[in-house]
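S.K.:
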Amino acid sequence: MVRMLPLRHALAIAVVQIFILSGNWASAKNINFYNVRPPLDPTPFPNSFKCFTCENAGDNYNCNRWAEDKWCPQNTQYCLTVHHFTSHGRSISITKKCASRSECHFVGCHHSRDSEHTECRSCCEGMICNVELPTNHTNAVFAVMHAQRTSGSGAPTLSLPGLAWVFGLLLIRGHCS
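As numbered in mature numbering (1 follows the signal peptide of the UniProt record, and there is no 0), residues -28 to -1, 1 to 149 make up the sequence shown, in order.
1) Going by alpha carbons, who is nearest to residue 43 out of 60, 35, 24 and 66?
2) Helix, strand or coil for residue 37 per DSSP?
3) Just the C-alpha distance for residue 55 and residue 18, rounded to the nearest angstrom, thanks.
4) Run the CB neighbour count on residue 106, radius 10 Å, all protein chains shown included, and call it buried at 16 or more, exposed below.
5) Which residue comes first and which comes last in the beta strand (DSSP E) that contains residue 30?
6) In its own chain, which residues sit with a C-beta less than 6 Å from the C-beta of residue -5, not counting the 5 before and 5 after it?
7) I believe residue 156 touches residue 65 by the beta-carbon criterion, under 8 Å. Please report the beta-carbon distance rounded to the nearest angstrom.
8) By the 10 Å Cβ neighbour count, where 16 or more other Cβ atoms means buried, how is residue 78 classified, buried or exposed?
9) State the start and end residues of the unbroken beta strand (DSSP E) segment that holds residue 91.
10) Under 8 Å by Cβ, that's how I've got residue 53 and residue 72 pegged, so tell me the actual separation to the nearest angstrom.
11) Using a threshold of 8 Å, state whether the C-beta atoms of residue 45 and residue 70 are closer than that.
12) Between residue 36 and the rest of its own chain, which residues show a CB-CB distance below 7 Å, the 5 nearest in sequence each way excluded?
13) Report the partner residues of residue 66 according to the DSSP bridge assignment.
14) Inspect the beta-carbon positions of residue 92 and residue 112 and report whether they are closer than 8 Å.
15) Flag this pair as yes or no: are the beta carbons of residue 109 and residue 81 separated by less than 8 Å?
16) Could you tell me the alpha carbon to alpha carbon distance between residue 31 and residue 57, rounded to whole angstroms?
17) Only counting the same chain, and skipping five residues up and downstream in sequence, which positions put a Cβ closer than 8 Å to that of residue 117?
18) To the nearest angstrom, how far is the alpha carbon of residue 63 from that of residue 33?
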């Protein structure tokens, strides 16, 4: 005679299977939603990257919208943004480009009393990281990525599918006893 599982056990097993099949959900914590990703295409060399690029654009929207989609040269490592704006915050010109470390040495904001405008410069490291404009000393910075910890360091973590598997074993064990 076939024995039927109680509804709660069947439901628990179904939930466990859903978690196991959806293993990619566990890696969602590692996604950087602020990073715009270009379509995948072959890179010209290892560690290639792209930046928004424009010269003397009138506003950030048009700079980013019409930015040329090309890989940065091999002698560059960062994306540079130079923003000139009035004392009322209205953009005068925006320049974005691929840059070397030496071009990123002078980040920050500088007010010109002669022309009554401010220039803020920022540099960042990463694929198309120069989306926003620097407008003050808080965001006119040199932002670099920190290396990920190696798998051998820190406390071990258990993924969602792993937890679901343990939970399923406990359910089955509890059912059998």
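Quick reminder that beta carbons are idealized off the backbone N, C-alpha and C, glycines included. From a predicted model like this one, the values you see are computed outputs, not experimental measurements.
M.R.: Let's see:
1) As a position in the sequence shown, residue 43 is number 71, starting the count at 1. 24 is the residue among 60, 35, 24 and 66 whose C-alpha sits nearest the C-alpha of residue 43.
2) The residue you call residue 37 lines up with position 65 of the sequence shown. Note: residue 37 maps to helix in three-state DSSP.
3) Position 83 of the sequence shown, counting from 1, holds the residue named residue 55. Position 46 of the sequence shown, counting from 1, holds the residue named residue 18. For residue 55 and residue 18, the distance between alpha carbons rounds to 30 Å.
4) In the sequence shown, counting from the first residue as 1, residue 106 sits at position 134. Per the 10 Å Cβ criterion, buried.
5) Against the sequence shown, residue 30 aligns to sequence position 58. Residue 30 -> no beta strand (DSSP E), and no H or E assigned at all.
6) Translated into positions along the sequence shown, residue -5 becomes position 24. Residue confidence for residue -5 is low, a pLDDT of 46 falling below 50, so the modelled location carries little weight; the figure read from the coordinates is stated next. Answer for residue -5: no residue qualifies.
7) Residue numbering for the chain in the displayed model covers -28 to 149; residue 156 lies beyond these limits and cannot be assessed.
8) Along the sequence shown, one-based indexing puts residue 78 at 106. By the 10 Å Cβ count, residue 78 comes out exposed.
9) Position 119 of the sequence shown, counting from 1, holds the residue named residue 91. Looking at the DSSP string, the run of the beta strand (DSSP E) that includes residue 91 is 89 to 96.
10) Taking the first residue of the sequence shown as 1, we reach residue 53 at position 81. Taking the first residue of the sequence shown as 1, we reach residue 72 at position 100. With a Cβ gap of about 15 Å, residue 53 and residue 72 do not count as contacting.
11) Within the sequence shown, the letter at position 73 stands for residue 45. Within the sequence shown, the letter at position 98 stands for residue 70. Yes, the pair counts as a contact, with Cβ atoms nearer than the cut-off.
12) To locate residue 36, count along the sequence shown from 1; it is residue 64. Cβ within range, chain order: 24 and 103.
13) Numbered from 1 along the sequence shown, position 94 holds the residue referred to as residue 66. Note: residue 66 sits in a beta bridge opposite 29 and 55.
14) As a working mapping, residue 92 is identified with position 120 in the sequence shown. As a working mapping, residue 112 is identified with position 140 in the sequence shown. The Cβ atoms of residue 92 and residue 112 lie closer than 8 Å to each other.
15) Looking up residue 109 in the sequence shown gives position 137. Looking up residue 81 in the sequence shown gives position 109. Cβ atoms of residue 109 and residue 81: closer than 8 Å.
16) What you label residue 31 is simply residue 59 of the sequence shown in a count that begins at 1. What you label residue 57 is simply residue 85 of the sequence shown in a count that begins at 1. Their backbone Cα atoms lie some 10 Å apart in a straight line.
17) Locating residue 117 in the sequence shown gives position 145, counting from the first residue. Sequence-distant partners of residue 117 (beyond 5 residues in either direction) whose C-beta falls short of 8 Å from its own C-beta, in its chain, are 97 and 98.
18) Here residue 63 refers to the residue found at position 91 of the sequence shown. Here residue 33 refers to the residue found at position 61 of the sequence shown. If you draw a straight line from the Cα of residue 63 to the Cα of residue 33, it is about 11 Å long.
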